[in-house]
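Residue numbers (our numbering): 2 to 286. The beta-carbon is built from N, C-alpha and C at its ideal position, and this holds for glycine as well. Note that this is a predicted model, so its numbers are computed, not measured. Read through the structure below, which is laid out as structure tokens, and then see the notes.
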């Protein structure tokens, strides 16, 4: 009986090297190179011009507004994400599949459409526009509209990190805590939260990064009012359209640094607490 011929060792080695080179080339061309161009263009006229660009009043207001919107939307999505994950993982109820579909809705709907929906609901000609105007409540072209649009876009990140983890872990430890006399909040903070903290942190990091970088939905509801409703992504667009390339790329570097900081924190946590994170991952022991 003839044995199947094995591929020569050098052939497998070449295939491995080619795959690594192809992946590296792809990441370099489509990720690293564009990112490098952003920083090169931002510093093209020197450090003084760069600092002057990010020190402009409009740029500082855009940074402040971006941080404010993220500071409001991320905690609200943490509360919703934990509650939704708990409901999906611990209970069986009518409409459970609908809740799961609702959580995934922002992934499948264009951000521009989601922003337009808020305009149709809360704009001057929208369903609730007249009532809001009578009560002097402004949502569209104001900070509340930016927050609502950002909450919708970032809604799935925390929940989708927690749901598979909580489903795989089961509820045995929580039930044991209840049998031993723990109250609901005591059980959550002493049993549930320690078991989900790494997935929760990942969800918060992703949610925060998306909140700060969101463009489409925020662009629709903001009205592009300079210094009032322009976040950092919108400020980049406006500066670029004004042919202020140094200013546009300078603000863009701040967004890039925020994204890199998020990835760095994630990588640092995985390096420092890798074994503990793996133990709490779905299927971990």
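As assigned by DSSP and simplified to three states, the class of residue i
i, result
"residue 227", "coil"
"residue 168", "helix"
"residue 173", "helix"
"residue 146", "helix"
"residue 159", "helix"
"residue 139", "coil"
"residue 286", "With a pLDDT of only 46 at residue 286, under 50, the local geometry of the prediction cannot be trusted, and no value is derived from it."
"residue 27", "helix"
"residue 40", "helix"
"residue 45", "coil"
"residue 2", "At residue 2, the pLDDT of 49 sits below 50, so the modelled position is not reliable; the number obtained from the coordinates is stated separately. In the structure shown, residue 2 sits in coil (DSSP, three-state: anything other than H, G, I, E or B)."
"residue 248", "helix"
"residue 56", "coil"
8 Å contact criterion, which residue i and residue j should meet: CB distance rounded
i, j, result
"residue 70", "residue 147", "5 Å"
"residue 154", "residue 115", "7 Å"
"residue 75", "residue 222", "Going by Cβ atoms, the distance from residue 75 to residue 222 rounds to 18 Å, so no, they are not a contact pair."
"residue 213", "residue 239", "The Cβ separation is near 17 Å, so there is no contact."
"residue 108", "residue 157", "6 Å"
"residue 151", "residue 219", "7 Å"
"residue 255", "residue 64", "7 Å"
"residue 193", "residue 176", "Not a contact, Cβ separation roughly 12 Å."
Contacting residues, own chain, Cβ-Cβ under 6 Å from residue i (five flanking each side not counted)
i, result
"residue 55", "251"
"residue 91", "172"
"residue 51", "43, 44, 251"
"residue 59", "227, 228"
"residue 160", "82, 85, 86, 104"
"residue 216", "234"
"residue 73", "148"
"residue 253", "39, 237"
"residue 162", "200, 203, 204"
"residue 99", "none"
"residue 130", "124"
"residue 67", "213, 232, 233"
Interface flag, residue i vs chain C, CB-CB below 7 Å
i, result
"residue 109", "In the structure shown, chain C does not exist; there is a single protein chain."
Other residues of its chain near residue i: CB distance less than 7 Å, five sequence neighbours each side excluded
i, result
"residue 2", "Model confidence at residue 2 stands at a pLDDT of 49, short of 50, so the residue's coordinates are unreliable and nothing is read from them."
"residue 267", "203, 206"
"residue 101", "89"
"residue 143", "230"
"residue 170", "196"
Cβ neighbours of residue i in the same chain (closer than 8 Å, five flanking residues each side left out)
i, result
"residue 133", "123, 139, 140"
"residue 79", "159, 201, 204, 205, 208"
"residue 17", "none"
"residue 260", "210, 214"
"residue 46", "247"
"residue 191", "178, 183"
"residue 241", "249"
"residue 257", "36, 39, 40"
Q) In the segment 199–245, which residue ranges form an unbroken alpha helix (DSSP H) of at least 4 residues, counting only runs that do not cross its ends? A) Within the segment 199–245, the runs of alpha helix (DSSP H) at least 4 residues long that lie entirely inside it are, in chain order, 217–223, 233–242.
**Q.** Inside the segment 82–129 only - alpha helix (DSSP H) runs reaching at least 4 residues
**A.** Fully enclosed alpha helix (DSSP H) runs of 4 or longer: 97–109, 112–123.
Q: At 4 residues or longer, and completely inside the segment 175–199: list those alpha helix (DSSP H) runs for me, N to C.
A: Those alpha helix (DSSP H) runs which fall completely within the segment 175–199 and span 4+ residues are 185–188.
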